[in-house]
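>
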Amino acid sequence: MLEGADTELFSELIATCDGMLSARVYQRIYQTAQRGGLIVEVGTALGAATVALALGLKSSGKAGHVYTFDPMTGGPRRSIKSVEQRIAWIEKNLLRYGVADLVTIMPCDLAGGLAELPSGEPVEVLMLDADGRIDRDLEALHGHCAADCALIIDDVADLVRVRRKGATYRIDSKMRLSWLLTNMLVSTGRISPGERLVNTYFGDLTCDPTRIVDHAEVLAIYRQLVFQSASANRLQRIRSRLMEWGQEVAPDFAAQCRRVYRRAKYRTIGTDTAGDKAAA
Ligand SMILES: C[S@@+](CC[C@H](N)C(=O)[O-])C[C@H]1O[C@@H](n2cnc3c(N)ncnc32)[C@H](O)[C@@H]1O
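Okay, so the sequence shown: first residue is 1 according to this note's numbering, each after it adds one.
(1) Considering only the beta carbon of each residue, do D70 and L151 sit closer than 7 Å?
(2) Are there 16 or more other CB atoms within 10 angstroms of the CB of S178, so buried, or fewer, so exposed?
(3) Quick check: the Cα distance between I238 and I87, rounded to an integer number of angstroms?
(4) Using three-state DSSP, classify R361 as helix, strand or coil.
(5) Under the criterion of a Cβ to heavy atom distance below 6 Å, does G74 qualify as lining ligand 1?
(6) Could you give the residue range of the alpha helix (DSSP H) that holds H65?
(7) Should V66 and V103 be called a contact, given that it needs their Cβ atoms to be closer than 7 Å?
(8) Between A130 and the rest of its own chain, which residues show a CB-CB distance below 6 Å, the 5 nearest in sequence each way excluded?
(9) So if DSSP puts C145 in a beta bridge, which residue, or which two residues, is it bridged to?
(10) May I ask you to report which of helix, strand or coil DSSP gives V190?
(11) Output yes or no for whether 7 Å exceeds the beta carbon distance between T55 and Y30.
(12) With distances taken between CB atoms, is the gap from V125 to R190 smaller than 7 Å?
(13) Does the contact criterion of 3 or more C-beta pairs under 8 Å hold for the region 209 to 227 versus the region 129 to 143?
(14) Under 8 Å: do the region 93 to 101 and the region 146 to 161 share three or more Cβ pairs, one atom per stretch?
(15) Classify R164 as buried or exposed, calling it buried when 16 or more other Cβ atoms lie within 10 Å of its own Cβ.
(16) Please report how far the alpha carbon of V156 lies from the alpha carbon of T200, in whole angstroms.
(17) In the structure shown, what three-state DSSP assignment does L21 receive?
Okay, here's the thing in structure tokens:
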């Protein structure tokens with residue numbers, strides 16, 4: 001259970017930064033960052049986990065810095081239209097929580113901004129919450145991670161999402177891809193079994209960081225994405241139609257509704273190792 005003040009802090013974080021995870025998960029991200037040192041996040045969105053990482057680092061009193069990468073072209077569905085507006089929004093949140101000096105926002109993907117990371121300093125904490133292609137980001141960081149780097153991977157669930165827009169169906173296998181890749185890395189002993197909170201993995205690297213990605217094994221995982229099952233019940237279909245419509249006509253109001261829905265969902269499924277199939 002969260003302490004009173006923590007519940008408030010992380011619930012506020014979800015509201016102010018449009019956080020997509022539960023308060024318990026943000027609290028665990030905060031605790032992981034207390035390890036200190038160089039922290040890399042892939043997938044900033046509006047900075048909820050970034051703030052949790054930076055607050056954890058700050059509370060530890062240790063030296064360190066958070067680099068957060070996001071090309072800022074997808075993700076949050078507010079009325080924020082440009083990359084500049086999005087960066088300004090994130091900066092406002094960092095200032096609000098007093099952590100602006102601990103964070104560098106990188107409006108690009110990891111490969112594009114890798115040269116900006118301080119050379120010779122190992123990554124102590126790595127958080128992956130982008131598009132599910134965690135092999136790409138782990139490979140980009142070959143040789144940059146500490147041997148026992150703490151690892152946070154979000155959206156690890158055996159779930160394929162199908163969304164209909166007019167006559168087109170969009171198949172989103174991000175969660176399943178993260179789930180397959182994470183399970184493979186655990187079963188081959190490259191990362192620790194760790195712990196799963198809702199759909200987020202918390203563990204550590206347990207192999208030589210330059211050998212974490214084996215292309216043949218990764219290819220075998222991507223091959224599993226050729227045929228997949230997905231189901232959506234009538235209620236889910238109605239919900240996604242309403243969300244899509246809300247997104248078109250009132251994006252900020254739709255964002256608020258999503259927050260209320262998420263809060264209710266996390267209350268229902270609990271905060272500890274809940275089923276991997278929890279709907280997103
Ligand atoms: C699920 S959101 C991240 C949520 C965020 N961590 C939070 O706590 O609210 C995923 C983000 O990943 C970003 N993204 C997608 N592909 C990316 C890539 N290749 N590199 C970095 N970020 C990426 C998207 O723009 C989006 O903002």
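Backbone N, C-alpha and C define an ideal beta-carbon position, used for all residues, glycine too.
According to the structure shown:
(1) no
(2) buried
(3) 33 Å
(4) The structure shown does not extend to residue 361, since the chain spans only 1 to 280, so no value can be given for it.
(5) yes
(6) Segment 64 to 69 is the beta strand (DSSP E) holding H65; no alpha helix (DSSP H) there.
(7) yes
(8) V42, G43
(9) V123
(10) Reading off the sequence, residue 190 comes out as Arg, not Val. Of the three classes helix, strand and coil, the one that applies to R190 here is coil, per DSSP.
(11) Here residue 55 is Leu; the residue named in the question, Thr, does not match the sequence. Yes, the pair counts as a contact, with Cβ atoms nearer than the cut-off.
(12) no
(13) yes
(14) no
(15) exposed
(16) 6 Å
(17) coil
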